[in-house]
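From first to last, the protein sequence lines are chains A and B.
Throughout, our numbering is defined as the position within the first sequence, counted from one, plus 49.
Throughout, our numbering is defined as the position within the second sequence, counted from one, plus 35.
All C-beta atoms in this analysis are idealised placements derived from N, C-alpha and C, irrespective of residue type, glycine included.
Since we're looking at a predicted model, the values are computed, not measured.
See structure below.
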Amino acid sequence: KAGVTQTPRYLIKTRGQQVTLSCSPISGHRSVSWYQQTPGQGLQFLFEYFSETQRNKGNFPGRFSGRQFSNSRSEMNVSTLELGDSALYLCASSWAGLAANTGELFFGEGSRLTVL
Amino acid sequence: QQQVKQSPQSLIVQKGGISIINCAYENTAFDYFPWYQQFPGKGPALLIAIRPDVSEKKEGRFTISFNKSAKQFSLHIMDSQPGDSATYFCAASSSGNQFYFGTGTSLTVIP
């Protein structure tokens with residue numbers, strides 16, 4: 050069974066640009082959540098989508114947005130990039146969503162974004 | 036505000052020794068406490084998890100100890116091996132809400 054796939058794995062952008070990251074969850078999983086990982090801050094929750102609806106949202110500015118498609122694939126977008134947005138962005142999928150509270154989050158390998 | 040506080044930030048242990056990582060939380064609504072293990076270049080993977088109705092859970096060499104009154108929980112790795120060298124994250128959540136992760140502990144097991 051294929052795992053969570055994130056693309057691209059690495060990308061470099063400059064301040065002011067925007068970026069779109071993609072996540073394909075494990076087949077059958079309906080929930081996709083996104084996290085930002087930076088040294089010293091751990092994993093910061095961005096948002097969660099379940100059946101194309103955003104159900105939970107973390108404390109990030111409106112420049113960070115996401116969506117989920119009918120096939121459960123998800124994208125996140127960051128507009129007007131800032132230097133501080135440099136991070137590893139992780140996508141996690143689960144079959145039941147955060148509401149099921151099973152802890153069974155399956156993470157992808159992440160998209161490493163560098164903002165110059 | 037960090038919902039889950041994790042310590043130490045880094046840990047070096049001799050092969051065969053015991054690795055102990057501690058986490059503390061404030062929100063008494065949390066009812067699920069997983070630990071994730073992350074190797075370089077990989078995403079985190081669920082290692083072991085506990086719910087507050089038990090004080091300890093053991094899976095192989097990995098044990099979670101949970102102290103509800105102190106609002107603390109810890110991961111113990113017995114007989115630590117070089118292959119255990121990774122970053123460990125504790126987390127907490129309450130039903131229907133997001134996971135809050137600790138800041139991570141980088142564990143190095145010296146042969």
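query: The beta strand (DSSP E) with A/G91 in it runs from where to where?; result: 91 to 99
query: When DSSP builds the beta bridges, which residues end up paired with B/P69?; result: B/A84
query: Answer with yes or no whether the minimum CB distance from B/A59 to chain A is below 8 Å.; result: no
query: Where does B/G118 fall in DSSP's three states?; result: helix
query: Is there a Cβ of chain B sitting closer than 8 Å to that of A/L70, yes or no?; result: no
query: Quick one: is B/K77 near chain A, going by C-beta distance under 8 Å?; result: yes
query: Put A/L132 into one of helix, strand or coil per three-state DSSP.; result: helix
query: Along the segment 96 to 119 of chain A, where does the CB come closer than 8 Å to a CB of chain B? Name the residues.; result: E97, N105, G107
query: Would you say B/A121 faces chain A, with C-beta separation under 8 Å as the test?; result: no
query: Give me, in chain order, the residues of the same chain whose beta-carbon lies closer than 8 Å to that of A/G65; leave out the 5 immediate sequence neighbours on both sides.; result: T129, L130
query: When you compare each of A/S135, A/Q103, A/R112, A/S123 to A/S76 by their alpha carbons, which one comes out closest?; result: A/S123
query: By the 9 Å beta-carbon criterion, what residues does the segment 95 to 116 of chain B contribute toward chain A?; result: none
query: Tell me, please, whether the CB atom of B/F74 is closer than 8 Å to any CB atom in chain A?; result: no
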